[in-house]
Structures are given as structure tokens and as C-alpha cells.
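Residue numbers (this note's numbering), protein chains in the order written: chain V, 1 to 337; chain G, 1001 to 1337; chain P, 2001 to 2337; chain A, 3001 to 3337. Idealized CB from N, CA, C, for every residue including glycine. Fair warning: this is a prediction, and the values are worked out from it, not measured in the lab. Report on the structure given below.
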């Protein structure tokens, strides 16, 4: 921690900060400037909160030194993590594309989509069986039946399955069906849920909350990893800003930044990142261009009758076209689709 | 819904929207302007999503008519809700103040705080036994022991207890101890949890998420109410913006707006709304001045040794002073403390 | 400045930072922690940018010590500034209310409003003769004719005049008519304009930009003051956030914070802060309750035919009612209306 | 306009809206739903503000039909604008790269940079002679001397010049030296300045304000175009959000969206969009991948001694490397560098 005292802080106030540092078993290094005294605090302090010093009289600001995430950091592991599971891998040179409907709606809808995205080159099928909806009156997902349909689609197509789990108690059930457990944006700081998926060995796709900083996303990954599950993918899916023309503001800066700060694979979600199907293909390309390890894309055979997220879903032929365009792009970037 | 077609939308595109409206059992009213055709959709459509039309070819924007919240709305109930429980009430002319530490840390800390806030005029004691923390390495709360200490403090002081519940499975246990169940900001859209507290009859203090709209806050109240629990208090606690000098931006506009849109009591939290103890008293006054029905305030006997939120906690004497100043203010506003 | 090196920064990188500090004539104080080296930089560095160190290899973050504003700061002047001009004052115990239409539209509109707000207790008349409008096709203000009408209204009612100036070259002309020059939110960082009003001795009402930090507002005040004009009022008028139900999010935290950081008077603008006339009165009360030295309020005799900002304008009778309610509130707060 | 009445609006309130529509010479189309009445307003209403109806009693919301920008819109001109000037072009298949220092600091700094970016493939030299700085105590630019150096660099290298103009009165002078006039982000809504550059025939690079919506950016372009200057480039340079790890959040969604809404060329600025040199190259690639027509990049021979924006400036060799990597990417996208 770096404690910056207010201009005009008294000797007694400075002394109290120093005493508090020592009381916590840490070493204070005061530096006396013309207007401000600064006290650098040396020692192991990862669990320490800036508030401990902020609250003291005469303190202006307190700045943490270094990051609080450890297991998720590049310092902990210099090389990129490649997550291997059920015969496939995520991370490394080879890009991954996960595609499918927002919600599982019916057997025919799911199987038709699965076949189409498989043919176009996707390796995973996405589809929600449990849906977090703003309104209690909206469709909440097919539940167990949806999970069974996903398993059937895997059986038929060979695609692996990624699907959302919303409560700690549902983790065992969803784990029976899913190859990857998805933590949705609204649940990024649902710590009971993070602990629960952390106690499994299923790979986890952790979506950034629409209100969450990059630092907080990494701290949520840290929750999962500190429970023993290191198979975490970080997903940028857009944040909330003042711009009304798009559903979210797709923060692609986060992609190269996360790759710098962490060894975990980074997946981009241009469907939620834009909220508009007509922006999905260009933003999918941008995601790959700035270093994402993969994409998750909403595809629906008839977006106009989708029960959710129709406006941001690609039709299978648009998805196939996008995949064809991604190929040469990936190659130009030294990646492989 | 109002569907606005793009300038230059074709007759076929307009026809397809009209057909889709009819297919959904609703009535289309097309209006043909110079550049744009508009289709007003009449009929019961509360569960309908704008996406259903947004996705159609030639559509520019879709606007919902009216609000999705029903049970929480002023339309459903014109008079203010007064929540009566265990011999006290929240809502109506009489203001309520809930005060206490961020975290329950020890018996002496809690009892000392409880006595102090009781003497100063608080009616409820707040204190976290289960704490949602950004870091898995930070103090996570005393758990059951914390709940027991809260119950003991109630026994001794007569203060009612408000404390946070973080997972659906913890609801029965926390309900045994708490007079009011608090849903924290990070869990405002944890629907499993909202359903769980909705199935109890305990009053619920629902905090606005730090990047949630006023509409979404009311929809989360609707989740609880649609499960049968109508005893919901809405809490403004600050939202996340670009301003770095305060922990949150305290959106007090939400207070009179929520009073207008809903019959539910509105509580303001200037501790989280500012993140700085030196701003708590002025912003508590502002909260009351714009119509809040009560306050929730962090108080700690020694903020400088608090395990969490010390920087925004008032010392008991500062809290007592604030309460003395609130009295004449309440009176000038026609309220009673 | 505090320079925090990355974990694992090399001795050469640390040495380069130290050398650069010395090259700038400042004194480096390195502190060697377990993972991170921190270099505190001591010396006069107000014009120095963090970038100077941020750019060096191995640097993680650079934090400025203290604030860049000097003339505007409480350190420079401990007592509250009271701005005296043309027989009235702003600042200190006595509150000021400025009221009037968004735009000057006609002689009758302006005089009718002026009489009404005068009777209700306003001391200044606001009204725009030059209007910054998002659209080039919208009404741009009456210009010189508007200024003349404002002067006539002053002649008749004795109210002082506050009106916006939009370009440096218009400053001399507007200064001939206005008692207070208003810098609008969009122009808060129009430095040519800030310099121009700084070279006059007219009091300046400086509005916070809709996406400007509190620090930046004070730096813009510093621009004006560093030109020799110390008669600056700071105006909180709402910032831009994700919340769509109000035109802006009224950041009232800024009011007590500005009073703490600066000696300048603080004016609140609940008309723009909310964008809705039905929220103006409660938020005017909140503004006063948290310490504002005055209010600026849009009033129009017929908001439904106003050429601009009708939705946030009070009718004269609503304004008069609000003024009556503010009286006892001011008294309860130890202020005078 | 679409006027949505509140649930329970009276017949008199509905009648008053209808009367007001007719009074304005427009045609009202009321639609009576179960809970809400909706009045669609048909007629030419581009200069009309929603406030005109919003202010009326019983009105819930008012939504504009269509966009207010006309000259800048795709409706006005279907094919992409290609701006030709002084022997070069911007827009169309061929990408443009503008590069150079944030500030012109000295003859040697500028010429060295100019040579380097020229060799690497840039077609324009950027460099600020007049600098908008948050602090009045910071370097404000070399002024006229800076312009002369830019002209000399053009003479020597053949690079065209883009440089910022900050006040209306400086437009004639800057136009003598610059090939493209840059409007900085802080001045995007400085209407006096927009009018002034609109009255020239110099191409204008219009930067999006850090607080401005995409709609507002297009309205500012409309200001310039409505004065007769159609040579406008739109520049996405990052917006302000809650994320603290980057200087701005680079809103690349804006790139394909602007290409859809407007015929004007779109330039991306990854230097300001990220604020970190180590993110510039990946985000430059992302910009091209989602459809930008060009880039503007800060390059400095010694970022560690730059007077401004060092932290986001590339060294010439890093810039050259980025340009080499952009080549194959452009080709894979069907563009040419």
C-alpha cells in the first residue's frame, strides 16, 4: 500500500499511520515531501484493504501496490493456459468458436442449429436451459429437458456443450450434461456459485459482468481457481455505458489487456457485446484481430421467432459466411480456425 | 410495442411485421408517414420482448409501451405501502434509520455499536454475517456465529435486525435470525435468490445493483413479489460511473422517481452511495430531503480497525450528531424521525 | 508522483526511472518491497504529467501526489469565497436562487417569467440568448435581441442577469449585458473560452461537463482563475450515465465534496440534473440539504410551448410553491433563503 | 414523434396532445390500447424537440421517429464518400494511416518522426501545435512555430498534415498550414468552431467526444456539413466509462455502426482509445478488422521524454512493425494499405 497524507497533515496523524502499519506487522517507509508525506507500506498484504488506512485522520488516498489476483496472473504462470477436456482444447494457437441459440427452445430448433454450426466449423454448441431474465414473467428456460436436448445434440454432432448454471445447487446436475459450465454476466460476483463451480473440475466460461472492471473479472476467476479448478476461460461480452444505439459497449481493450495480465484463455462474445446481429460479424473479426482465443456467437435458425435475443442472433447462413471470412483473417494473424 | 420501420422499408417488410403481430394474437395499427412507417401493437404483451420485432427486416427501433413491473407499480396500488413486522413499521410518515457495522466482527464490537445507535435513535441494527467480497482471500464474515450475535444484540437492545443473505440455501437459516433479509447490490439479479426470499414472508431490503437501471430494480422487486412476498423495500446505494473521487455516484434522482413509479418504501444508503464517511451526513440529509423513507448507515466504534468498509463508517458520536441534525430537517419536511 | 514498478522489474529498469527523476531535477526515494519496487518522487511537480514515468519500461502505475488545482483549492484559501457584484452576493450563509427560462423567446415571455420568479424570491434571472443545440436545425437563440430583453428585465425587476456565452469573441458583448457569465456544460473544457472569461472581472458560473470529473471541473476553474478572475461559481448539473429514466444523473456527492476541496461557491441545477420538472422540487431540496450555496432553476410560463427544455421547466406557480417549501428547510439547516 | 400516454391518462389530456399536434401543423394518429393511448405524429418535424410533447400532462414518453442527421446519413447518399484533397484520398478500399507525435516539440523531433512514419507507410503526419490541456500550467503547444514546422515536414517528406484547431478565430491561420483540420474530442460540441470549419473547404477530422453518443457525433458532422463543407471524417477515439485500467473504453462498435448510418469515412484512434502503447497494435488491427477506413496513431522517437501522451505513443520501430503486420490483415479483409 501507498498512503498519501493530505497537505498539512500533522505529525501526530503521520505518527498514527506509522503506528498502525507496525501494528499490522508491516514495515512503514515514510517519505517527507514539500507538501505531502507519503508512507509506503512494505510486507505481505494481499488480504489487506486500503480502507484500513483510508479511515485514518489526515489520509488523502491509499493505493494498492500490485494486483490481488495471484493464481490467475501471468506472474503465477508465464505461458498461456491451454484447457484440454473431452478430446478438445481451448487456448493456444487454435481458435475456438462456440455457437448456438440463446435458449434451447425445442428439439428441432436445437438440432437444426447444431448441425448448421457444426458444418460451418464451430467446435462447441451453446444453448441456455436455465435463463436469467429481467422479468419474472418471461420464459425462464426449458430446464432439465433443455439439458437433455443439449446432450442429444452432442451425441449426434460431436459438438461439445457449453451452458449456463445459475445456482450453486444446480451445479451437480448441469455438470452431468455440460462440457463447459457458463457463469453469466449477472452472476460474475455470485460468490456462492463461483465457489460451487470451483469445487468441480469442469471447465468454466466466466462472463464479465456488465458493471464489472477487468480487475474484478480476474478476482472472480481467482475465486474459482482458489477452490482448485484452474480451467477458467475469461469472456468479454460488453459493458454498460451511456451509448444507447448498442445493447452494450463491447470493451475489446479488455482482450489484449487480459492476455497481458493473465495466462487464461480469453473468449469474446460479439452477440452480447453489440446486441445487434448486423454488427456481429465485423466485431467477431475485431475480436480475433486483437487477440481473442475464441468466440461465442448466438445463432438461431429463425431469429424472428426466437424466444430470447433474436435481435442479436445470426441465421445459420450468415454464421457460415462469417466463418468463411474468419479463416483468412486468422491465417493473416498467425492463428488457425 | 411501437415498431418504427427504417426510412425506405419495403411494403413486404412492413407486411411481414404486421403478419407477425397478428400471428402473436395482437392487433397492428400501421401509420404511414412521409419517411417512416410506424406500427403500433395493441394487446396484452407484458411478457413479449422487443426483440421479437427488432429482428425483422426493415425495422429500425422497437419501443415498449408502459412498464413491465406490475405488482410493484403505483398503478397496482395507489397508496404507499407500510410494512409492519415484529412491532415496528417501515414506510409512511415516520422515517426509519438502520445502523450498524458493515461486518459483525465480535460480540463487544456489535453490542457497543448496537447500544450507541439505539441511543441515537436508530430502530434497526445492520451487520453482515455473510459478506460478499471481491477477493476470495478477504474476510468472508463470521457466518452463523455472526447471526447469533445479531440475535443477542436484538435481545439486549430491542433493535430489529437487518442482515444479508447470499445464497438460496441460506435463506431458511438467515430467516431464523433476521427481521429483514437484505439482498446485496451484487445479487440484485441473482434470480434464484430473489425467488427464495420471495417464498418467505420476511421483509426484504433490495439493494440496487451498482450498474442496474431503476427499471431493473423494480423488475427484481417484481421477482420477489410474484412469489408472494409483498414486503419489499427498495434501496438506492449508488451506481458506478466514471467519477473516481467517490466509491459510487449516489443517484438520488432515483428516490423521488421510485416513489412516483412504485408504492414500495424507499431506503437510501449514503455510506455506500459515497464511500466516504465525511460525505455521509450531508448525503443522509439530502436523501431525506428528496423523499426517502429511511436510511441505512454504517457505524463502527473504531472504523480504523474495521475489517471492512472502515472508510465509509461513522463513529458513534458522528452518527449521534447526524441524527440530532436530521430531527429538525425531518420536521421541516413534514416527516418524523 | 509515486511510481510503482511491475513485479519482476529489473535493476536496470528501476535505475532508469531513478535517473529520469534526477534528470528532471527531482529527488527519487526508492522503496524495495518483496515483489514491487516503489519510487516516490519528491519536488515541485505540478506541471509534470504521470506519462513521463508511465512510459518507462517496467513501470506498472504512476500516481500523482496531491491535486493540480491550486488557486481553487481550500489549501490556497481556507474561508468560503463570497462573490460580491452589483449590490448582491453569492456564497456564505445566504442562499441564492437563479431562475428563468431556458431560452429567451419573446419580451412577454421573459418579463412575465422575471416578475414571477422575482416575486417568489429569486435574486437572479437566467435566460439563454445564445443556445448550444445538438442540431444545427434547432433554434439557436435570439442573440443580441435576447441580451437586450434580459437587460430590460433587469431594469424593470432589479433581478441580476446570468446568461451563457459560447465563444471567446462574444465575451465582450455578453459582458455588456450579463451580471454573471455562464459557461455551459459542453464548453467546460473549451479553453479558449475559459481564458477569455478569465480575462474579464465578471463573475462566472462554470457548469460541470456531463462527463467531466470533479477534478476536471476544478481544473477548468483554475484556467479562469489563473487568468486573474477569481469570481468563479462551480455548478453541478448532472452527469451522463447508463440510467435512461432521467436526462442526467444528478451527482449531488459533488456538492459536499467541492465544498471540502474548494473555497468557491457551489450552485446546483436540478433542472438539468434530472431533466424532468416533476423531480425538480425534491432535488432542489436535496441540493440545499447537502450544502449547495444556491440553485439555478428553469421556469417558463408555458412549458408546453417552450422552444427548448420544456420538459424540465417549472411553471411559475410550481416554482413559487417550491420556494415556499425551501424556506423552512433552509432554516433547519442554518441557512437563509 | 411517438407520444405514449401514461396508463390512466384522461380524455382531456389525450385531447390536449392531439390539439397541440394540430397546432404545430402536424397530423395526429391516436391508437387506443388497453392501458395506454399512443399518438403517432406525422409530418415534417426534424427541428421539433420531444420536449414539446413531453411537457404535456399525462405524457409518459416521447420517441423521435428517424434520425436528425440528414446530410451525413446513408439515406442522403448511398455510396461511400471518398474525400480527395491535395493529391491523395481518404475513404474507399484504400486505408489511410496518419501518424506522428501528440505535440510538435522541436524541429528535430518532428522531422525524425515524419521520416520514420513515412518510411513505414503513413500518408499523413499528425502533430499538435495548439494543445487542449486539462491544466493551465501544462504545455499548451508551440503555436505558429509548430504550424511552420509541420509545413516544413510536409515539404521534406511529402506527407500531408493533420493538426488541431481550437478556436473559431484560429481557423484561417491553421487552414493555411493544415491539409486536414482536426476537431478534438473536447470540442466536438463547440458549435462556434464547427460552424467556422464548416465555412472552409478544408477536410475535417471530427473526433467523437469522450461523453458523446454516436447520434451526437453525427449531429456535429451535420453542423459542419450544413455550412457547406462535406469533407468530414468521423473519428472514434474512446469514450469514458467506469473501467480504470485503460484511459478510455475504445467503442469499436461505433465503427461498423457509423459505416451503416453514414457515408462518411471512419477513422479509428487506438492511441487515445486505449491510452497505453502496449495495446495500440492489437487495437489498430481490431479497428481495421471491423471496417475502419483508416487509423490515427501517436508516434514519438522518445516517448519517455514526450511532453504529452508519452504513455500511449509508439516508438518508430514499433510503429513500423505494426504497419508490417497490418498489410496481410488488410489484404485478408479485401482492403489495401
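task = Per DSSP, which residues does residue 3004 (chain A) bridge with? Please list them.
result = A:3038 and A:3061
ask   = Helix, strand or coil for residue 21 (chain V) per DSSP?
value = helix
task = Go ahead and pull the three-state DSSP assignment for residue 1094 (chain G).
result = strand
query = Can you name the start and end residues of the alpha helix (DSSP H) that residue 1115 (chain G) belongs to?
reply = 1107-1120
task = Using a Cβ-Cβ cut-off of 7 Å, state whether residue 2191 (chain P) counts as contacting chain A.
result = yes
message = Using C-beta distances below 7 Å, list every residue in its chain close to residue 1128 (chain G), excluding the 5 sequence neighbours before and after it, in chain order.
response = 1102, 1103, 1104, 1141, 1163 and 1164
ask   = Going straight from the alpha carbon of residue 172 (chain V) to that of residue 130 (chain V), what length do you get?
value = 14 Å
query = Between residue 3306 (chain A) and the rest of its own chain, which residues show a CB-CB distance below 8 Å, the 5 nearest in sequence each way excluded?
reply = 3101, 3102, 3103, 3105, 3300 and 3313
ask   = Per DSSP, residue 236 (chain V) forms a beta bridge with which residues?
value = V:268
inquiry  = Within 10 Å of its beta-carbon, does residue 3273 (chain A) have 16 or more other beta-carbons around it, so buried, or fewer, so exposed?
reply    = buried
query = Is it right to say residue 3057 (chain A) is buried, meaning 16 or more other beta carbons lie within 10 angstroms of its own, or is it exposed?
reply = exposed
request  = Quick one: give me the first and last residue of the beta strand (DSSP E) that residue 1084 (chain G) is part of.
outcome  = 1083-1085
ask   = Quick one: what does DSSP say residue 2200 (chain P) is sitting in, helix, strand or coil?
value = coil
ask   = Rounded C-beta distance between residue 3264 (chain A) and residue 3221 (chain A)? I'm assuming under 8 Å.
value = 6 Å
ask   = How about residue 271 (chain V) and residue 298 (chain V): do their beta carbons lie closer than 7 Å?
value = yes
ask   = Could one say the Cβ of residue 1086 (chain G) lies closer than 7 Å to chain B's Cβ atoms, at least one of them?
value = Among the chains of the structure shown, chain B does not appear; the protein chains present are V, G, P and A.
inquiry  = Judging by CA-CA distance, which residue of G:1185, G:1289 and G:1288 is the nearest neighbour of residue 1239 (chain G)?
reply    = G:1185
ask   = Listing by chain order, which chain P residues have their CB less than 8 Å from the CB of residue 3054 (chain A)?
value = 2310 and 2311
inquiry  = With three or more C-beta pairs closer than 8 Å as the rule, is the stretch 232-248 of chain V touching the stretch 198-218 of chain V?
reply    = yes
task = Tell me whether residue 3313 (chain A) sits in a helix, a strand or coil according to DSSP, three-state version.
result = coil
request  = Using a threshold of 7 Å, state whether the C-beta atoms of residue 252 (chain V) and residue 234 (chain V) are closer than that.
outcome  = no
key: 6 Å CB neighbourhood of residue 1021 (chain G) in its chain, flanking five on each side removed   = 1028 and 1041
request  = Please work out which residues of its chain come closer than 7 Å, Cβ to Cβ, to residue 3088 (chain A), disregarding the five sequence neighbours upstream and downstream, and give them in chain order.
outcome  = 3123 and 3160
message = Classify residue 10 (chain V): buried if its beta carbon has 16 or more other beta carbons within 10 angstroms, exposed otherwise.
response = exposed
request  = May I ask you to verify whether the stretch 77-87 of chain V touches the stretch 273-283 of chain V, counting CB pairs closer than 8 Å and requiring at least 3?
outcome  = no
query = Are the C-beta atoms of residue 246 (chain V) and some chain G residue less than 7 Å apart?
reply = no
task = Quick one: measure Cβ to Cβ for residue 3336 (chain A) and residue 3094 (chain A), integer angstroms, because I've assumed they're closer than 8 Å.
result = 5 Å
query = Based on the DSSP secondary-structure assignment, which residues constitute the bridge partners of residue 1032 (chain G)?
reply = G:1037
ask   = So with Cβ pairs under 7 Å, would you call residue 250 (chain V) a contact of chain P?
value = no
query = Does the distance from the CB of residue 62 (chain V) to the CB of residue 5 (chain V) come in under 7 Å?
reply = no
Those residues which DSSP pairs with residue 3183 (chain A) across a bridge = A:3206
ask   = Beta-carbon of residue 1182 (chain G) versus every beta-carbon of chain V: anything under 7 Å?
value = no
request  = Rank A:3151, A:3166, A:3194 and A:3255 by C-alpha distance to the C-alpha of residue 2194 (chain P) and give the top, closest one.
outcome  = A:3166
ask   = Around the Cβ of residue 1084 (chain G), are there at least 16 other Cβ atoms within 10 angstroms (buried) or fewer (exposed)?
value = exposed
query = In the DSSP assignment, what residue or residues form a beta bridge with residue 2251 (chain P)?
reply = G:1251
Within 7 Å, strictly: CB atoms of residue 110 (chain V) and residue 149 (chain V) = yes
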